[in-house]
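Novice: If you scroll down you'll find the structure; I have some questions about it.
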Amino acid sequence: MASESTEERIVLAALEVIGVSSIDTLTVRDIAARAGVNVATVHYYFGTKERIVSEALRQFFLPVMRQLETSLESELAPKQKLVNFLEMYTAQFREHPGVFQSLIKVISTVGTENHGEQQTYQTVLTQVIAGAKDKLVGLIREITGLADEKQVIFHALRTMTSCLHPLLNSGLPGRVFGVDLRDKALWRSYLEGVVASLDAHGPPPAP
9 MASESTEERI
19 VLAALEVIGV
29 SSIDTLTVRD
39 IAARAGVNVA
49 TVHYYFGTKE
59 RIVSEALRQF
69 FLPVMRQLET
79 SLESELAPKQ
89 KLVNFLEMYT
99 AQFREHPGVF
109 QSLIKVISTV
119 GTENHGEQQT
129 YQTVLTQVIA
139 GAKDKLVGLI
149 REITGLADEK
159 QVIFHALRTM
169 TSCLHPLLNS
179 GLPGRVFGVD
189 LRDKALWRSY
199 LEGVVASLDA
209 HGPPPAP
């Protein structure tokens with residue numbers, strides 16, 4: 009039990025450090041200091057920085073996946089399920105801005121030739137995102153009523169990118185447009201608008 013507690017503490021420390029900095033600048037020494045252990049202990053449990061960060065990324069997405077499962081199993085309307093999921097999903101990134109910035113960088117290199125740690129992190133992200141993709145696509149199919157699989161996937165991509173653009177997590181919308189989306193109530197209203205816009209892409213009404 010003690011060893012499990014130490015491992016969990018190290019993973020949590022890694023996530024906390026990434027959350028305020030980035031994967032690129034993260035060091036094993038930083039993780040050890042945050043976890044209250046020595047560097048040798050970190051290496052004993054995980055061996056490499058890549059293994060620690062990979063596990064931290066998995067832990068980062070766990071509550072998101074649980075929320076998705078909870079939303080899908082609820083009796084709420086499909087749109088409400090999707091809004092709740094998006095709210096939880098984006099809250100994770102807003103609470104850990106370093107994680108968000110790091111993942112954007114990792115995702116931007118997908119499809120290019122990578123080696124070492126970037127390739128490792130891409131593999132982890134692919135595994136995690138793939139676990140939610142089918143469920144998210146199914147929910148959007150239910151909302152739009154579309155039968156064309158490609159169109160449903162396009163709407164899923166638009167929905168996610170409409171919520172995760174770095175601009176939305178900055179203070180710029182507040183300064184330029186007078187709407188600070190960092191406010192939780194305004195952010196939820198924005199998400200509700202994103203989901204409501206899916207209505208415009210549904211199938212044509214029956215004659």
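Okay, so the sequence shown: first residue is 9 according to my numbering, each after it adds one. By construction, the Cβ of each residue, glycine as well, lies at the ideal position given by its N, Cα and C atoms. Predicted model, so just to flag it, every value in this text is computed and none were measured.
Go ahead and label residue 77 buried or exposed: buried means 16 or more other beta carbons lie within 10 angstroms of its beta carbon, across all protein chains shown.
Specialist: Label assigned to residue 77: exposed.
Novice: Tell me which same chain residues have a C-beta within less than 8 Å of the C-beta of residue 86, skipping the five on either side of it?
Specialist: Answer for residue 86: 147, 150, 151, listed in chain order.
Novice: Excluding five sequence neighbours on each side, which residues of the same chain lie with their C-beta closer than 7 Å to the C-beta of residue 143?
Specialist: Taken in chain order, the residues that qualify are 76, 80.
Novice: Assuming residue 162 and residue 104 make a contact with CB atoms under 8 Å, what is their CB distance in whole Å?
Specialist: Not quite, the Cβ-Cβ distance comes to about 28 Å (not below 8 Å), so this is no contact.
Novice: Tell me where the alpha helix (DSSP H) around residue 203 begins and ends.
Specialist: Where residue 203 is concerned, the enclosing alpha helix (DSSP H) stretches over 192-204.
Novice: Return the first residue and the last residue of the alpha helix (DSSP H) that residue 173 is part of.
Specialist: Run containing residue 173: none; DSSP gives neither H nor E here.
Novice: Report the option in 31, 28, 15 whose CA atom is closest to the CA atom of residue 46.
Specialist: The option with the nearest alpha carbon to residue 46 is 15.
Novice: Pull up the distance between the alpha-carbon of residue 72 and that of residue 183, whole angstroms please.
Specialist: Each residue's alpha carbon lies about 30 Å from the other.
Novice: Starting from residue 35, follow the alpha helix (DSSP H) in both directions and report where the run begins and ends.
Specialist: Where residue 35 is concerned, there is no enclosing alpha helix (DSSP H), given that its DSSP letter is neither H nor E.
Novice: In the structure shown, what three-state DSSP assignment does residue 56 receive?
Specialist: Correct three-state label for residue 56: coil.
Novice: My output table needs one value for residue 188: the three-state DSSP class, helix, strand or coil.
Specialist: DSSP places residue 188 in coil when its eight states are reduced to three.
Novice: Should residue 110 be labelled buried (16 or more other beta-carbon atoms within 10 Å of its own) or exposed?
Specialist: Its Cβ being crowded by 16 or more others within 10 Å, residue 110 is buried.
Novice: Identify, in the order they occur along the chain, each residue of the same chain with its Cβ nearer than 7 Å to the Cβ of residue 4, setting aside the five sequence neighbours on each side.
Specialist: Look at the range of the chain in this structure, 9 to 215, and you will see that residue 4 is not part of it.
Novice: Do residue 64 and residue 42 count as a contact pair if the criterion is CB distance below 8 Å?
Specialist: It is not a contact, given that the beta carbons lie outside the stated cut-off.
Novice: Locate the alpha helix (DSSP H) running through residue 92, then write down its first and last residues.
Specialist: Start and end: 86-103.
Novice: Can you check whether the CB of residue 107 is closer than 8 Å to the CB of residue 26?
Specialist: Going by C-beta atoms, residue 26 is nearer than 8 Å to residue 107.
Novice: Residues in its own chain within less than 7 Å of residue 132 by CB, not counting five upstream and five downstream?
Specialist: 62, 65, 66.
Novice: My understanding is that residue 172 touches residue 181, with C-beta atoms under 8 Å, so please give their C-beta distance in whole angstroms.
Specialist: Wrong, their Cβ atoms sit about 14 Å apart, outside the cutoff.
Novice: For residue 95, which residues in the same chain have their Cβ closer than 8 Å to its Cβ, ignoring the five residues on either side in sequence?
Specialist: Within the same chain, residue 95 has close Cβ partners 195, 196, 199.
Novice: Assuming residue 31 and residue 60 are in contact, meaning their beta carbons sit under 8 Å apart, how far apart are those beta carbons, in whole angstroms?
Specialist: So it is not a contact: roughly 10 Å between Cβ atoms.
Novice: Compute the Euclidean distance between the alpha carbons of residue 174 and residue 141, then round it to the nearest angstrom.
Specialist: When rounded, the distance between both Cα atoms is 21 Å.
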